[in-house]
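In this note's numbering, the protein residues as written are 78 to 115. All C-beta atoms in this analysis are idealised placements derived from N, C-alpha and C, irrespective of residue type, glycine included. No experiment lies behind these values; they were computed from the predicted model shown. What follows is a single structure, written as structure tokens, with notes after it.
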Amino acid sequence: MNSFDEKLFRVLVEKIRVVSLVEVEFVLKIGVVVREIL
């Protein structure tokens with residue numbers, strides 16, 4: 078994948094939670110939570 082696919086992102090991601098100034102969580106529609114440190 079060479080570019081961001083907004084359509085795929087919207088299909089997979091239910092919501093984005095901001096945990097702190099440097100950390101976010103992507104909550105997927107299948108129930109998986111992916112934590113990302115910025």
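Check whether residue i and residue j have beta carbons under 8 angstroms apart
i       : j       : result
Leu-115 : Val-101 : yes
Glu-83  : Lys-106 : no
Cβ neighbours of residue i in the same chain (closer than 8 angstroms, five flanking residues each side left out)
i       : result
Glu-113 : Glu-100, Val-101, Glu-102 and Phe-103
Arg-76  : The chain is shown only over 78 to 115; residue 76 falls outside these bounds and no answer can be derived.
Residue range of the unbroken alpha helix (DSSP H) whose run includes residue i
i      : result
Phe-86 : 83–89
For residue i, the first and last residue of its enclosing beta strand (DSSP E)
i       : result
Val-99  : Premise fails: Val-99 is in no beta strand (DSSP E) and is neither H nor E.
Ile-114 : 110–114
Contacts around residue i, its chain only, beta-carbon distance under 6 angstroms, and the 5 residues preceding and following it disregarded
i       : result
Val-110 : Glu-102 and Val-104
Residues near residue i in its chain [Cβ-Cβ closer than 7 angstroms; skip 5 each side]
i      : result
Ser-97 : none
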